[in-house]
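Since the structure comes first, as structure tokens, the remarks are kept for the end.
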Amino acid sequence: MISFVKFIFLSIIAIVTLPVFAERAVITLSEGNTISGSLVHERPTSIYVDLGFTVLEIPRASIVGIDMEGTAAGGDVSTVVNHGLFQTLTDRQAMPIGDWVDRYGEAVVLIRTPTGLGSGFVINPDGYLITNDHVIAGEHDISVTVFKQKDNSLERVQFDNVKIVASNPGADLALLKIDLLDNEKLTAVPLGESNDLKQGQSVFAIGAPLGLDRTVSQGIVSNRNRPIDGRVFIQTTTEISPGNSGGPLFNLRGEVVGVNNMKVVAMGAEGLAFAIPANVLKFFLENRDAFAFDPRNPNTGFRYNSPPSAVVNDSSHD
Numbered sequence: 000m001i002s003f004v005k006f007i008f009l010s011i012i013a014i015v016t017l018p019v020f021a022e023r024a025v026i027t028l029s030e031g032n033t034i035s036g037s038l039v040h041e042r043p044t045s046i047y048v049d050l051g052f053t054v055l056e057i058p059r060a061s062i063v064g065i066d067m068e069g070t071a072a073g074g075d076v077s078t079v080v081n082h083g084l085f086q087t088l089t090d091r092q093a094m095p096i097g098d099w100v101d102r103y104g105e106a107v108v109l110i111r112t113p114t115g116l117g118s119g120f121v122i123n124p125d126g127y128l129i130t131n132d133h134v135i136a137g138e139h140d141i142s143v144t145v146f147k148q149k150d151n152s153l154e155r156v157q158f159d160n161v162k163i164v165a166s167n168p169g170a171d172l173a174l175l176k177i178d179l180l181d182n183e184k185l186t187a188v189p190l191g192e193s194n195d196l197k198q199g200q201s202v203f204a205i206g207a208p209l210g211l212d213r214t215v216s217q218g219i220v221s222n223r224n225r226p227i228d229g230r231v232f233i234q235t236t237t238e239i240s241p242g243n244s245g246g247p248l249f250n251l252r253g254e255v256v257g258v259n260n261m262k263v264v265a266m267g268a269e270g271l272a273f274a275i276p277a278n279v280l281k282f283f284l285e286n287r288d289a290f291a292f293d294p295r296n297p298n299t300g301f302r303y304n305s306p307p308s309a310v311v312n313d314s315s316h317d
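Okay, structure coming up:
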């Protein structure tokens, strides 16, 4: 899990509940129908809409988009855009880190293998989640711990039926799937636009550094495009440690803008953390069939062998 040569690979975790609204909203359902009413309460897996004569609970898994007609103090005005396996948002407002930690705690998970641990985050309520490839590389015995909210407490729920759907060692990304029970859904996080990040912009991470789950750390974007070994990373000052690998890097709009990956370890080096941009993650997800995991295929995930050497041994010539 850890490379001590120059970088240390890491991992991350988050936490959830939602504010109360009393603003008009138009909810678009997956069947194409729309519902108009006052959005009065949200939970990780559902929302509550006042229709005037009754309050209707709508599962988030059935929602394609939510258009707000007004903003309450502290309200979340945003439109959900469905991209199949993941979602993005438009027009979402920034809120304090604590509010986002409350909202997305259930979406950030702890990943364990026989050789170590890391973090990950749910991108789809049906149990699809993201982590670093190096967290699960070479492993088949993978467990995921979800921290579910029960009233005012958290309940640890461990899933051992976890499979690798796709992996890209070159980008150090992996897509996992938890086999859920019928009608069981998980809280999912939206993906943001990493190309919109600015130097000095505030970001935060939630994860399990050294196994200390649900740890929150804050920093700023030092450089949006930092090249390292032919790959581009988001450089931040966010404090991350071994165990943060695969966890989400959030902006203050509660969107995942990066996947925490590694940090520099050198004498006197501080505040040098790196995350895989969300746009790289989106490319991986949109082309996941190319990286489909097959345990029988050593080249799974575009793991190509090195080309033959261009140098010819003189002894082979007459």
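Straight run, no breaks: the sequence shown in numbering that gives the first Met the number 0 ends on number 317. Just so you know, even glycine gets a beta-carbon here, dropped at the ideal spot from N, CA and C. Note that the coordinates shown come from a computational prediction; the quantities given were computed from them, not determined experimentally.
So, residue i versus residue j, is the Cβ gap smaller than 7 angstroms?
i	j	result
D90	S77	yes
G270	T214	no
N131	F290	no
V134	G245	yes
P43	E105	yes
F292	I163	yes
N222	V231	no
T27	V63	yes
D66	V25	yes
A170	V263	no
I239	A272	yes
S29	S61	yes
L128	L175	yes
F120	V107	yes
R23	S37	yes
K147	E154	yes
L172	F283	yes
G242	G210	yes
N123	L179	no
On the DSSP bridge list, what partners appear for residue i?
i	result
I239	In DSSP, I239 forms no bridge with anything.
K149	S152
K176	Y127 and K162
T144	L109 and Q157
F203	Q217 and F249
R42	Partner(s): none; R42 has no beta bridge.
N260	According to DSSP, which records beta bridges pairwise, N260 is partnered with nothing at all.
T33	T27
F273	Q234 and M261
A289	Note: A289 sits in no beta bridge, so no partner.
V255	L190 and F249
Could you give the residue range of the alpha helix (DSSP H) that holds residue i?
i	result
A165	Careful: A165 lies outside any alpha helix (DSSP H), inside the beta strand (DSSP E) at V161 to N167.
N250	Here N250 belongs to no alpha helix (DSSP H); instead the beta strand (DSSP E) covers P247 to N250.
V133	Reading off the sequence shown, one finds His at residue 133, where the question assumed Val. D132 to I135 is the extent of the alpha helix (DSSP H) around H133.
E285	A277 to E285
State the start and end residues of the unbroken beta strand (DSSP E) segment that holds residue i.
i	result
Q217	T214 to I227
N194	Run containing N194: none; DSSP gives neither H nor E here.
Tell me whether residue i, by its Cβ, gets closer than 6 angstroms to a heavy atom of the ligand HEM.
i	result
F120	The ligand HEM is not among the ligands present in this structure, which contains no ligands whatsoever.
Just list the alpha helix (DSSP H) runs in the region 44 to 122, keeping only unbroken ones of 4 residues or longer that don't cross its boundaries, in chain order.
96 to 103
Should the region 238 to 258 be called in touch with the region 203 to 210, which here means at least 3 C-beta pairs below 8 angstroms?
yes
Cβ contact (3+ pairs, closer than 8 angstroms) linking the region 137 to 144 and the region 181 to 193:
no
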